[in-house]
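Asker: Once you've had a glance at the structure underneath, I'll fire off some questions.
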């Protein structure tokens, strides 16, 4: 069962991200997740390989597995910042939260009335878990770069839900979505570049001049 | 025709990006805006045929929002030429903190502005839900560099919040799209294509539970982009830090486009007999947005932030109107037109005031009526137009919504609505009247105490249209508004 193996990889990589302290390692984990997602696109097609999923898988691996890590590592190298994640919530607590979220996702997915059975019983819970893990990384980490990583994991999770629940999305729409995410990460990368130059740090929590009441 | 509407700004954006000289690039911007407006006007005369097997089509709601976008862009382009001429080149001093900063390259700015128009056009003409999502995300990405035109750390902070919060919100809307696909799946494995017309036609076969879940995600996702409280946190920052011409487009055109994303699914819900579910949520979000806006408008020290919170308020009025249904939906459609035109005009005038006084603080600005006679007059006109005083258009639309609330027996909603409107009127009037009146000694510190016609004419035209809509709504416009309102229940 290739699909299930890949899904386990997806869940493990999200958990690993919650416990990792070095930014380079986090980028590598997210890159790995991109490759897994590309393989998953192929694995869910049981009726042999056709051109469409193959093309999509290549695009996904190329963008999520190669292009994004490259952009993000360049951003990291350009900024002479501390290469630690610096979380608001410690790694241990993050892992506990991750494990609880995983359990919650399984409990919740079991109660979901699906009109037709998905390709694998694991796909919905693990995709939900990945989505929630992404959201958690966005809110619990200090650096702008980790927020982008969180966004990518969130996007991966949502995309996996799409693979699991939706039989056929038109190619144009899928490529459009992929293109948008690609540009989004590119623009975010540029923004971090400027944040670096302007502030000598990439801590998103210190972007706090604009507010209505000064504390 | 629809393809031309999309291709024109895209091609112009490419040309603008590679154009070296400033003057022709500025006129290219205006030319593209004029042609886009002319094409949009042509759709009022002859029906634009659907293309790409119904993926792109222009119905009444799309036409309404496309027309608003096109008119605003035309005005913003004219104003933009004057604005870009006045902008300094090279490094200059930031008037808030005294640090040096420069502008982003003008070619990039113009290209992004035109791409922004193309993305908003795509949102208005998409009838395929996936494509609609692509369009809305594209508006975020093309407008983010516009907010960061003045390259200092405050605009950077605003850009970052805008990018991050809206991208996450819109990602949730993508999840909503997948849920919608599940709702449209039949037991035999076939799926109703996610095209608006097809979904409306086979609405009775949709799975209600998944449709509701999809609507919730659409509301939260696109609602973030639309600036509904409590998801509005990016909005005041982005609107106050962006150049005024961009703020005008963000507030007048972009928020509407995000609203259209929610309305499209409401259209399906109405056809599926699930109108009531969405309406209750819309009423709640609408009133909450108005209340949050009222809290922050009262005593707001920064006048561009005040205008931004006023946008949150008016988005609240729109959702409240659609939530009440019936005649209130017509009021909401009319109000969308009035709010967009008025708010864009106010932001443009705010840009004039900012250029002369070099301060965004309400307390620093006195005597606008004497220092900048035309802008001052437009500022006061804008105050009465935006707060819904007669004889301006917003009076008519706000009254329609109020009356519909009473007719539906929603007395508590009606009272809350009136109280919040009154509070916001007091808040805005206090600040804006103080700015307009007083002696003109301190101001006119810098260049630009004369008022070039390009910075005056666009807001003046918008003011005239808003006044005209208050006195008389032309039949053609009324028909489109009614058609649009009927689609949303």
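Residue numbers (this note's numbering), protein chains in the order written: chain A, 1 to 215; chain B, 216 to 704. All residues carry an ideal CB built from backbone N, CA and C; glycine is no exception.
#1: Could you tell me whether any Cβ in chain B is nearer than 8 angstroms to the Cβ of residue 212(A)?
#2: For the segment 572-650 of chain B, which segments carrying the alpha helix (DSSP H) assignment without a break, of at least 4 residues, lie completely within its bounds, in sequence order?
#3: Evaluate the contact criterion for the segment 370-382 of chain B versus the segment 446-463 of chain B: three or more CB pairs, one atom per stretch, below 8 angstroms.
#4: Excluding sequence positions up to five away, which residues of its chain have a Cβ less than 6 angstroms from the Cβ of residue 271(B)?
#5: One question on the structure: do residue 393(B) and residue 175(A) come within less than 8 angstroms of each other, judged by their Cβ atoms?
#6: Tell me, to the nearest whole angstrom, how far the beta carbon of residue 480(B) is from that of residue 433(B); I am working on the premise that it is less than 8 angstroms.
#7: Identify each residue in the segment 346-361 of chain B for which the Cβ-Cβ distance to at least one residue of chain A is less than 8 angstroms, and report them in chain order.
#8: Taking only three categories from DSSP, how would you classify residue 86(A)?
#9: Report all residues from its chain with a CB closer than 8 angstroms to the CB of residue 307(B); omit the five preceding and five following residues, and keep chain order.
#10: My guess is that residue 34(A) and residue 68(A) are in contact by the Cβ rule of under 8 angstroms, so how many angstroms apart are they, rounded?
#11: Would you call the CB atoms of residue 502(B) and residue 539(B) closer than 8 angstroms?
#12: Going by beta-carbon coordinates alone, are residue 383(B) and residue 195(A) separated by less than 8 angstroms?
#13: Does the beta carbon of residue 452(B) sit closer than 8 angstroms to a beta carbon anywhere in chain A?
#14: Please state if the CB of residue 474(B) and the CB of residue 484(B) are separated by a distance shorter than 8 angstroms.
#15: Return the CA-CA distance between residue 150(A) and residue 134(A), expressed in angstroms with no decimal places.
#16: Taking DSSP as the reference, what is the three-state secondary structure of residue 365(B)?
#17: Chain A partners of residue 382(B), CB-CB under 7 angstroms?
#18: Are there 16 or more other CB atoms within 10 angstroms of the CB of residue 224(B), so buried, or fewer, so exposed?
#19: Among 579(B), 570(B), 682(B) and 568(B), which has the Cα closest to the Cα of residue 603(B)?
#20: Where does the unbroken alpha helix (DSSP H) through residue 7(A) begin, and where does it stop?
#21: What does residue 231(A) touch in chain B if you count any residue whose Cβ is under 8 angstroms from its own?
#22: What are the start and end residues of the alpha helix (DSSP H) that includes residue 219(B)?
#23: Between 541(B), 269(B) and 533(B), which has its C-alpha nearest residue 408(B)'s C-alpha?
#24: Quick check on residue 92(A): buried or exposed, where buried means 16 or more other Cβ atoms within 10 Å of its Cβ?
#25: Just the chain B side, please: which residues come within less than 7 angstroms of residue 199(A) by C-beta, in chain order?
#26: Out of curiosity, what's the CA-to-CA distance linking residue 70(A) and residue 16(A)?
#27: Output the boundary residues of the alpha helix (DSSP H) element that contains residue 315(B).
#28: For residue 400(B), write down the residues that DSSP places opposite it in a beta bridge.
#29: Return no unless some Cβ of chain B is closer than 8 angstroms to the Cβ of residue 147(A).
#30: Do residue 140(A) and residue 87(A) count as a contact pair if the criterion is CB distance below 8 angstroms?
#31: Looking at C-alpha atoms only, which residue of 519(B), 558(B) and 416(B) is the closest neighbour of residue 470(B)?
#32: Out of 506(B), 575(B), 583(B) and 388(B), point me to the one whose CA is closest to residue 519(B)'s CA.
#33: Anything in the segment 133-144 of chain A with a Cβ closer than 8 angstroms to a Cβ of chain B? List those residues in chain order, please.
#34: Could you compute how far the alpha carbon of residue 413(B) sits from the alpha carbon of residue 465(B)?
#35: How far does the alpha helix (DSSP H) with residue 182(A) in it reach, from first residue to last?
Answerer: Reading off the structure:
#1: Residue-level contact check: residue 212(A) touches chain B, since one or more beta carbons of chain B fall below 8 angstroms from its beta carbon.
#2: Whole alpha helix (DSSP H) segments, 4+ residues: 583-586, 588-601 and 608-622.
#3: Yes, the segment 370-382 of chain B is in contact with the segment 446-463 of chain B.
#4: Excluding positions up to five away in sequence, the list reads 217 and 340.
#5: Cβ distance not < 8 angstroms, so residue 393(B) and residue 175(A) don't count as in contact.
#6: Confirmed, about 5 angstroms.
#7: The segment 346-361 of chain B vs chain A, Cβ under 8 angstroms: 346, 348, 349, 352, 353, 355, 356, 359 and 360.
#8: Correct three-state label for residue 86(A): coil.
#9: Setting aside the 5 residues that flank it on each side, residue 307(B) is surrounded in the same chain by 315, 316 and 317, each with a C-beta closer than 8 angstroms to its C-beta; the list follows chain order.
#10: Yes, residue 34(A) and residue 68(A) are in contact; Cβ-Cβ is about 7 angstroms, under 8 angstroms.
#11: In this structure, residue 539(B) does not lie closer than 8 angstroms to residue 502(B) by Cβ.
#12: Contact flag unset, no.
#13: Output row for residue 452(B): interface = yes.
#14: Cβ distance not < 8 angstroms, so residue 484(B) and residue 474(B) don't count as in contact.
#15: Rounded to the nearest angstrom, the two C-alpha atoms are 4 angstroms apart.
#16: In the three-state scheme derived from DSSP, where H, G and I count as helix and E and B as strand, residue 365(B) is classed as strand.
#17: Within 7 angstroms Cβ-Cβ: 151 and 184.
#18: It is buried - the Cβ of residue 224(B) has at least 16 other Cβ atoms within 10 Å.
#19: With respect to the C-alpha of residue 603(B), the residue from 579(B), 570(B), 682(B) and 568(B) having the closest C-alpha is 682(B).
#20: Unbroken alpha helix (DSSP H) run through residue 7(A): 2-19.
#21: The requested residue 231(A) is not part of the displayed model; chain A covers only 1 to 215.
#22: Here the alpha helix (DSSP H) through residue 219(B) covers 217-233.
#23: Considering only alpha carbons, the answer is 269(B).
#24: Result: exposed.
#25: Those are 368, listed as they occur along chain B.
#26: Rounded to the nearest angstrom, the gap between the Cα atoms of residue 70(A) and residue 16(A) is 20 angstroms.
#27: Segment 315-318 is the beta strand (DSSP E) holding residue 315(B); no alpha helix (DSSP H) there.
#28: According to DSSP, residue 400(B) bridges with 406(B).
#29: So yes, residue 147(A) belongs to the interface.
#30: The answer is yes: Cβ separation under 8 angstroms.
#31: Among 519(B), 558(B) and 416(B), the Cα nearest to that of residue 470(B) belongs to 558(B).
#32: When only C-alpha atoms are compared, the closest one is 575(B).
#33: Using a CB distance below 8 angstroms, the part of the segment 133-144 of chain A facing chain B consists of 135, 138 and 144, ordered along the chain.
#34: Approximately 31 angstroms, taken between the alpha carbons.
#35: Here the alpha helix (DSSP H) through residue 182(A) covers 171-199.
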